Amino acid sequence: MSWLDEQHHGTVLYVAFGSFTHFDQNQFNELVLGLVLINRPFLWVIREDSKMEYPHEFKGHKGKIVSWAPQQKVLSHPAIACFVTHCGWNSTIEGLSNGVPFLCWPYFGDQFQNKKYICDELKVGLRFDKDENGVVSSKEVKLKVEQLLSDENIKSRSLELKEKVMNNIVKGGASLENLNRFVKWLKE
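Okay, structure coming up:
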């Protein structure tokens, strides 16, 4: 967290793909090169058991790589500009509750439906598109980051949704009231 504290407000890309996402070396290289092309600070969570080799262009990058991060704390940090995610449900909820725009890169299961919800229904994120070989290119990474960070509508919708989420979990909010009703029903 101390590294994040040193970064400017709204400048850092938070990149985290959960515990089960594995890229082949080619896709890993494209993501790495995309992060280099963006030329912005990033915090990237990469599993400790990852055997990927970093391309030589990655030397002197502006990012920080860690094997684990307290995601809720990271997403609530003012330095975070966006969340590059696999769209797992917990990550989706944490991103929404912190008002952080998404760049969606689902891997399997419900993550594809979560991506659709984030991008098409809530309109608080963008999806990465794969090329004819099924790879998200470094140019695509750069393009989508630039598009997302320049889209004021996505940023404002993300913050509006954060406010709605927070209003629902406070005393008198719909979520808390429904939970209280459910607990009362269980006790009867």
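First residue of the sequence shown: 1, per the numbering used here; consecutive thereafter.
Where a beta carbon is used, it is the ideal one built from N, C-alpha and C, also for glycine.
Keep in mind the model is a prediction, meaning the values are calculated, not measured.
Bounding residues of the beta strand (DSSP E) (the contiguous stretch that carries I65): 64 to 66
Helix, strand or coil at C119 [DSSP, three-state]: helix
Opening and closing residue of the alpha helix (DSSP H) in which A174 lies: Annotation: the continuous alpha helix (DSSP H) that includes A174 extends over 174 to 187.
For C119, the nearest candidate out of N153, C104, G109, E132 (CA to CA): C104
Beta-carbon gap between G125 and F102 smaller than 8 Å: yes
Extent of the continuous alpha helix (DSSP H) to which G34 belongs: 25 to 38
Limits of the alpha helix (DSSP H) - the one that T85 falls within: Careful: T85 lies outside any alpha helix (DSSP H), inside the beta strand (DSSP E) at 80 to 85.
Extent of the continuous alpha helix (DSSP H) to which W44 belongs: Careful: W44 lies outside any alpha helix (DSSP H), inside the beta strand (DSSP E) at 42 to 45.
Residue range of the beta strand (DSSP E) that includes G125: 125 to 127
Contact under 8 Å by Cβ, K123 with I154: yes
Top-ranked residue by Cα proximity to N26, from V136, W3, H61, Y117: V136
Helix, strand or coil at F102 according to DSSP, with G and I counted as helix: Of the three classes helix, strand and coil, the one that applies to F102 here is strand, per DSSP.
Residue range of the unbroken alpha helix (DSSP H) whose run includes V145: 138 to 150
Neighbour-count burial assignment, E152, 16 or more Cβ in a 10 Å radius: exposed
Three or more C-beta pairs below 8 Å linking the stretch 64 to 79 and the stretch 11 to 23: Verdict: yes, contact present.
Selection from R47, I38, R40 that minimises the alpha carbon distance to T21: R47
Of the residues F112, F128, R40, the one placed nearest L4, counting alpha carbons only: R40
Reference L149, options G18, F83, K64, closest by Cα: F83
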